[in-house]
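First comes the structure, then the notes that go with it.
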Amino acid sequence: MRVLPALLDIVAALPIRSCEDFDTVAALANYGVNASNFVTGGSRASIAGSPAENDLAARDENSGCKYACGTLSLLCHGNTAFPKSPAYHLEEAGFWSAVQAEVEPYCFFEPEDSVAVAVTILLSRLTKCPFAVKSGGHAAFANASNIGGGITINMAKMNEVKLSEDESVAKVGPGNTWYDVYTALEDRNLTVVGGRVADIGVGGLTLGGGVSFFSGLYGWACDNVKNYQVVTAQGAIIDVNHDSHFDDLLLRSSRRAYPINETDTILNALVDYAYDASSDPDAALIVAFTYAEQSGGYLIAADLEYAKPEANPPIFDAFHNASYTSDTTKIVSLPDLTLEFNSSNPGGLRETYWTATYRVDLDLLQYMVAEYQVQTNTILDVAGLGPSFVLQIITTDELKNMARNGGNPLGLSEEEGPLLLLNIAFWWNDAADDERVLQTCQTILDNTVTYAAERELA
């Protein structure tokens with residue numbers, strides 16, 4: 001399979017510092033939207049063939065959003081959804097985390113091109129109606145890609161996946177999920193450096209970093225974007241780009257489950273992998289500790305991915321020294337593998353993510369896992385609790401490849417590696433338990449960071 005690492009063309013709505021005298025009304029007029037009546041009490045702007053309205057009797061806290069959303073509805077009626085409508089309820093159901101789905105925007109808007117995004121940003125600026133941008137809607141916390149009382153811009157209709165003539169560049173709209181992208185390219189024996197879970201959106205992952213199954217070979221997703229199409233706070237549509245490359249690879253996957261009494265063996269294997277991974281950049285590894293209510297105890301899961309169809313690559317030998325309870329080793333396509341990861345990340349629950357980065361150290365890892373268990377034990381009575389403590393290595397190969405397209409946007413360097421990346425990922429059922437769960441996650445993070453800092457490992 002040929003890989004197009006960093007060849008994505010994405011639309012994002014990003015604010016930049018602007019001049020005080022910027023004329024938002026004039027900028028909207030350049031897109032054919034007459035918003036000159038906003039300051040005089042109009043209920044929405046006008047476009048060619050429609051009269052301006054000035055029927056808003058008095059301003060209130062919702063007037064700005066009423067004007068902005070009303071204008072968007074006039075421009076693209078079928079793409080704007082208001083509360084209590086079937087379309088609005090359908091939009092609410094499109095978020096992975098229940099914490100996000102509870103947030104109620106004044107309206108949802110689905111642009112079909114970058115001009116519609118620009119108009120939305122300018123309307124937000126004019127009316128002071130806040131906005132959020134949703135790509136896949138897979139963030140855990142409230143207001144990440146949904147905003148109370150504002151405009152939630154859902155990129156779902158901007159879902160193009162198109163190859164350049166020489167098939168060296170994939171143009172990918174921000175409304176795609178990674179499964180959409182991988183399946184669209186699979187028939188041409190092509191792929192891109194992207195996410196590991198099927199339903200995660202292209203926009204959020206590439207803007208936030210983006211660990212890939214192929215990061216040892218190419219770095220993270222954010223390091224492999226050839227072109228971002230960006231809408232600025234002035235409504236300008238600009239391109240930001242750099243050079244890229246491609247290569248060949250295939251994929252092998254394995255998920256092994258281990259009893260918790262194999263903790264020391266697995267942590268030793270994780271440390272060995274951290275320092276040996278540079279010898280085999282085809283390898284990718286995720287180690288997760290979790291509590292399984294059905295089995296009444298903690299367990300360990302290790303995802304051992306390999307970018308070639310080899311059943312037992314030596315880089316994972318240390319993980320074979322531990323006794324395991326299940327093993328799913330197989331050769332699998334990239335789209336199918338993301339579906340497997342999707343099944344272990346169910347939607348509709350209350351979710352929270354916490355993260356920190358440390359230097360790799362066995363004593364630190366042992367403390368971190370013990371602290372995770374101590375704190376999690378205090379909330380095991382929480383209904384539907386799924387407490388995962390996920391450990392990944394940022395290898396020296398990843399760090400090196402992050403920089404080869406002009407520098408790493410996360411500010412990391414090869415000399416710092418290898419590094420340990422922690423993701424505390426808890427889910428649960430009821431809002432009544434929010435405070436307890438969030439405080440537990442905060443305590444785990446604070447205590448592990450303090451322990452690491454005292455040893456110059458953070």
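Mapped onto full-length UniProt numbering, the consecutive letters of the sequence shown carry residue numbers 1 to 458.
Each residue gets a CB set at the ideal place from its N, CA and C atoms; glycine is no exception.
Remember, predicted model here, so these are calculated numbers, not experimental data.
Residues near Gly64 by beta carbon distance below 6 Å, same chain, minus five either side = Thr127, Lys128 and Cys129
So who's on the other strand from Asn342, going by DSSP bridges?
-> According to DSSP, which records beta bridges pairwise, Asn342 is partnered with nothing at all.
At what residues does the beta strand (DSSP E) containing Arg350 begin and finish?
-> Arg350 to Arg359
Which whole runs of the beta strand (DSSP E) in the stretch 93-133 are 3 residues long or more, in chain order?
-> 107-109
The stretch 99-115 touching the stretch 149-158, judged by at least three CB pairs closer than 8 Å = yes
If you draw a straight line from the C-alpha of Ala288 to the C-alpha of Asn176, how long is it?
-> 27 Å
Under the three-state DSSP convention, the category Leu457 falls into | coil
Expressed to the nearest angstrom, what Euclidean distance is found between the alpha-carbon atoms of Tyr182 and Asn189?
-> 10 Å
Span separating the alpha-carbon of Asp199 from that of Gly136 = 7 Å
How would you label Asp243, buried or exposed, when you count the other beta carbons within 10 angstroms and need 16 or more for buried?
-> Its pLDDT being 43, under 50, Asp243 is placed unreliably by the model, and the measurement read from it follows with that caveat. The residue is exposed, with fewer than 16 neighbouring Cβ atoms inside 10 Å.
Thinking C-alpha only, which one of Glu305, Val332, Ile331 and Pro309 is nearest Phe319?
-> Glu305
Please state whether DSSP places Thr443 in a helix, a strand or coil.
-> helix
Should Thr24 and Arg125 be called a contact, given that it needs their Cβ atoms to be closer than 7 Å?
-> yes
Please specify which runs of the beta strand (DSSP E), each continuous and at least 3 residues long, are wholly inside the stretch 228-307, giving them in chain order.
-> 237-241, 255-259, 283-292 and 297-306
Check whether the Cβ atoms of Gly204 and Cys222 lie closer than 7 Å to each other.
-> no
Please list, in chain order, all residues of the same chain as Gly386 whose beta carbon is under 6 Å from its beta carbon, the five residues on each side excluded.
-> Trp427
If you compare alpha carbons, which of Asn345, Phe316 and Ile260 is closest to Ser295?
-> Ile260
Which class does Leu56 belong to by DSSP, given the choice of helix, strand or coil?
-> Note that Leu56 scores a pLDDT of 45, beneath 50, so its modelled location is shaky and nothing firm can be said.
Is DSSP giving Pro174 helix, strand or coil here?
-> coil
In angstroms, rounded to a whole number, what distance separates the CA positions of Leu365 and Tyr358?
-> 10 Å
Please check the pair Ile393 and Leu412, which I expect to be a contact at CB under 8 Å, by giving their CB distance rounded to whole angstroms.
-> The pair is not a contact, with the Cβ atoms about 13 Å apart (cut-off 8 Å).
Which class does Ala87 belong to by DSSP, given the choice of helix, strand or coil?
-> helix
Same chain, Cβ closer than 6 Å to Pro281, five either side skipped, listed in chain order | Gly216, Leu217 and Asp397
Alpha-carbon to alpha-carbon, Met368 and Ile300 | 14 Å
Residue from Ile266, Ala101, Val115 and Asp166 whose Cα sits closest to the Cα of Lys134 | Ala101
With a Cβ-Cβ cutoff of 7 Å, do Val231 and Val240 count as a contact?
-> no
Asp180 by DSSP, collapsed to three states: which one?
-> helix
If I'm right that Asn321 touches Thr265 with Cβ under 8 Å, what's the distance once you round it to whole angstroms?
-> 6 Å
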